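Accompanying notes for the structure given below.
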Amino acid sequence: MEIAVSLDELRQLSLWSADCAERALPLYEAVTPDDRRPREAIEVAREFGAGGNRTKAIRTAAWGALKAAGEVDDPAAEAAARAAVAAAGSAYLHPLAAATQVKHTVGAAQYAAYAHELAGREPLVSWAIERVPPVVRDLILRYPEGTPGRSRLGDLHRQLESALRQPSPS
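The sequence shown begins at 1 in the numbering used here and counts up one residue at a time.
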């Protein structure tokens, strides 16, 4: 079964995801200041969100950020790079009625929050929830509940998903 997902919804998801990932980016850049791969993934997500096309460049940047995550030897920096991967990947949320798709919706916020936690920084979950566009809340409600697992990342996923499934406070 397919779920209707508009290009505008994907764009707003990508912009929010880029905002979330960007909050963690300094943790990556502090460790590897000359590696722009995670920043490039966030930039292409933002370009798409601003009205650009979904191109191969988005996927290429996401793969680059994923490779960067695997090459860094710092857990917070790795999580920050994975947030950038998720930001770029949000442009390709699939319209499949599958619980696995929820990870594409909350992934950037989830990994950015994890990066902040690992670095002993301020919590990021509330920040992300406060800034989520209403359209992203509407979007997540169309999908079945996610299957986040039992790790700390799973806990963050559950916090984000649960909050996003609630009516907007405004």
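Virtual Cβ for every residue (Gly too), placed ideally from N, Cα, C.
Since the structure is predicted, the reported quantities are computational estimates derived from the model, not experimental observations.
Neighbourhood of residue i by C-beta, 6 Å cutoff - its chain only, sequence neighbours within 5 removed
i, result
"residue 84", "21, 38, 41, 42, 65"
"residue 74", "31"
"residue 128", "20, 109"
"residue 112", "20, 21, 23, 24, 83, 124"
"residue 139", "9"
"residue 3", "95, 97, 142"
"residue 29", "none"
Residue i classed as buried or exposed, judged by whether at least 16 other C-beta atoms fall within 10 angstroms
i, result
"residue 126", "exposed"
"residue 7", "exposed"
"residue 14", "buried"
"residue 116", "buried"
"residue 161", "buried"
"residue 157", "buried"
"residue 55", "exposed"
"residue 34", "exposed"
"residue 120", "exposed"
"residue 51", "exposed"
For residue i, three-class secondary structure by DSSP
i, result
"residue 2", "strand"
"residue 111", "helix"
"residue 78", "helix"
Same chain only: Cβ atoms within 7 Å of residue i, ignoring 5 sequence neighbours per side
i, result
"residue 57", "44"
"residue 193", "Absent from the model: residue 193. The displayed extent of the chain is 1 to 170, so no value can be given."
"residue 141", "165"
"residue 154", "148"
Own chain partners of residue i with C-beta closer than 8 Å, once the 5 adjacent residues on each side are dropped
i, result
"residue 218", "Since the displayed the chain opens at 1 and closes at 170, residue 218 lies outside it and no answer follows."
"residue 67", "37"
"residue 122", "116"
Cross-strand partners of residue i (DSSP beta bridge)
i, result
"residue 96", "2"
- Should the stretch 97–113 be called in touch with the stretch 53–68, which here means at least 3 C-beta pairs below 8 Å? no
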